[in-house]
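Engineer:
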Amino acid sequence: MEVRASSERIPRIGRILAAHLRYWKLDGHVEPVCRAVGELLGNVVEHAEGDKTARVELRWDGRRLTVSVADGDPRLPRLTSAGPARGGLAAVALLSESWGTCATADGKVIWFSRRVSRAGHAPLTGRDPLTGRDPLPAAGEGRRPSDVSGGRELSTAATG
Numbered sequence: 001m002e003v004r005a006s007s008e009r010i011p012r013i014g015r016i017l018a019a020h021l022r023y024w025k026l027d028g029h030v031e032p033v034c035r036a037v038g039e040l041l042g043n044v045v046e047h048a049e050g051d052k053t054a055r056v057e058l059r060w061d062g063r064r065l066t067v068s069v070a071d072g073d074p075r076l077p078r079l080t081s082a083g084p085a086r087g088g089l090a091a092v093a094l095l096s097e098s099w100g101t102c103a104t105a106d107g108k109v110i111w112f113s114r115r116v117s118r119a120g121h122a123p124l125t126g127r128d129p130l131t132g133r134d135p136l137p138a139a140g141e142g143r144r145p146s147d148v149s150g151g152r153e154l155s156t157a158a159t160g
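Here full-length UniProt numbering is used: position 118 in the sequence shown is 118, and no number is missing along the way.
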């Protein structure tokens with residue numbers, strides 16, 4: 001979703017993200033994801049020069065949840081402290097399994113990911129109509145690229 005970042009809008013954006021995560025039955029990820037996105041949007045409000053428009057994306061492939069926040073300021077952020085009392089990137093680092101940042105043609109994107117051990121949700125794909133089996137192999141079994149079904153993606157062009 002594309003939003004105009006402001007301190008007042010961060011809680012509303014968090015509620016929208018929480019609704020999507022709950023829809024995907026990822027309830028256990030609501031608090032850490034919303035907190036980390038709030039930190040990233042807070043950085044846009046506080047540090048980004050110029051336009052405060054940001055694009056927030058959620059991607060879930062059934063095993064990993066990846067969240068990104070992009071803005072139009074080309075300056076890359078720096079992690080200054082990883083202490084628990086600090087916010088910003090330090091908080092994102094503590095709330096995620098992995099994270100990173102990269103420059104884009106029109107600014108930068110900061111992303112983080114969290115492993116999803118189990119969602120309280122039906123599988124991404126239904127049962128194979130011919131065999132009645134789940135087409136995705138169980139954890140630990142090998143997968144070929146042709147076995148992977150498309151992931152779920154939130155791509156909403158809403159302005160907040």
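Glycine included, C-beta positions come from ideal geometry on N, C-alpha and C. Remember, it's a predicted structure, so these values are computed and weren't measured experimentally.
Who are Ile110's beta bridge partners in DSSP?
Structural biologist: Reading the sequence shown from its first residue, position 110 is the one you call residue 110. Answer is Val69, Thr101, bridged to Ile110.
Engineer: If we call anything under 8 Å between Cβ atoms a contact, is Val44 one with Ser7?
Structural biologist: Numbered from 1 along the sequence shown, position 44 holds the residue referred to as residue 44. Numbered from 1 along the sequence shown, position 7 holds the residue referred to as residue 7. Taking 8 Å as the cut-off, the beta carbon of Val44 is found no closer than this to the beta carbon of Ser7.
Engineer: Of the choices Gly50, Ile10, Ala36, whose alpha-carbon is the least far from that of Thr66?
Structural biologist: Looking up residue 66 in the sequence shown gives position 66. When only C-alpha atoms are compared, the closest one is Ala36.
Engineer: Would DSSP call Glu46 helix, strand or coil?
Structural biologist: By one-based count along the sequence shown, residue 46 stands at place 46. Glu46 falls in the helix class under three-state DSSP.
Engineer: Quick one: residues in its chain with C-beta nearer than 7 Å to the C-beta of residue 163, no 5 flanking neighbours on either side, listed in chain order?
Structural biologist: This structure gives no information on residue 163, because the portion of the chain shown stretches from 1 to 160.
Engineer: Contact between the stretch 70-78 and the stretch 46-59 is defined here as three or more beta-carbon pairs at a separation below 8 Å; is this criterion met?
Structural biologist: yes
Engineer: Please report how far the alpha carbon of Leu17 lies from the alpha carbon of Cys34, in whole angstroms.
Structural biologist: Working through the sequence shown from its first residue, we reach residue 17 at position 17. Working through the sequence shown from its first residue, we reach residue 34 at position 34. Near 7 Å, if we compare the C-alpha coordinates of Cys34 and Leu17.
Engineer: Rounded to the nearest angstrom, what separates Asp51 and Trp24 at their Cα positions?
Structural biologist: Here the question's residue 51 lines up with position 51 in the sequence shown. Here the question's residue 24 lines up with position 24 in the sequence shown. The alpha-carbon atoms of Asp51 and Trp24 are separated by roughly 32 Å.
Engineer: Taking all protein chains shown into account, decide if Gly126 is buried (16 or more other Cβ within 10 angstroms of its Cβ) or exposed.
Structural biologist: In the sequence shown, the residue the question calls residue 126 occupies position 126. Low confidence applies here, because Gly126 scores a pLDDT of 41, under 50, leaving its location unreliable and the question unanswered by this model.
Engineer: Alpha carbons only, please: which of Thr101, Cys102, Ser96 is nearest the one belonging to His29?
Structural biologist: In the sequence shown, counting from the first residue as 1, residue 29 sits at position 29. Answer by Cα proximity: Ser96.
Engineer: Can you name, in chain order, every residue of its own chain whose Cβ lies under 7 Å from the Cβ of Gly41, other than the five neighbours on each side?
Structural biologist: Locating residue 41 in the sequence shown gives position 41, counting from the first residue. Inspection of the sequence shows that residue 41 is occupied by Leu rather than by Gly. Around Leu41: Ala5, Ile10, Ile13, Ala54, Val69.
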